[in-house]
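Numbering (my numbering), first residue to last: 9 to 73.
Cβ coordinates follow ideal geometry from the N, Cα and C atoms, glycine included.
Structure first, then comments.
What follows is the structure, encoded as structure tokens:
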């Protein structure tokens, strides 16, 4: 299930964008977003979503509803 970024808690560090194997994360200024069509939860590449593992705030990346 695709993930999303909570813009209220995101610190705009950019760590998540660098580790995404599907290039699903992009930003405009300090607003980061995950393209749900590209996000595959890192299936086939990693055991866990890499964006969640590197998130510095530890809470801004969540499973999309």
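Just verifying my parser: in three-state terms, what is the DSSP assignment at residue i?
i: residue 34; result: strand
What do you reckon, are the CB atoms on residue i and residue j nearer than 9 Å?
i: residue 48; j: residue 13; result: no
i: residue 62; j: residue 26; result: yes
i: residue 42; j: residue 72; result: yes
i: residue 50; j: residue 57; result: yes
What's the call for residue i, buried or exposed, on a 16-neighbour Cβ count within 10 Å?
i: residue 40; result: buried
At what residues does the beta strand (DSSP E) containing residue i begin and finish?
i: residue 70; result: 69-71
i: residue 40; result: 39-42
i: residue 12; result: 11-13
May I ask which residues mark the beginning and end of the alpha helix (DSSP H) holding residue i?
i: residue 25; result: 23-27
i: residue 58; result: 58-62
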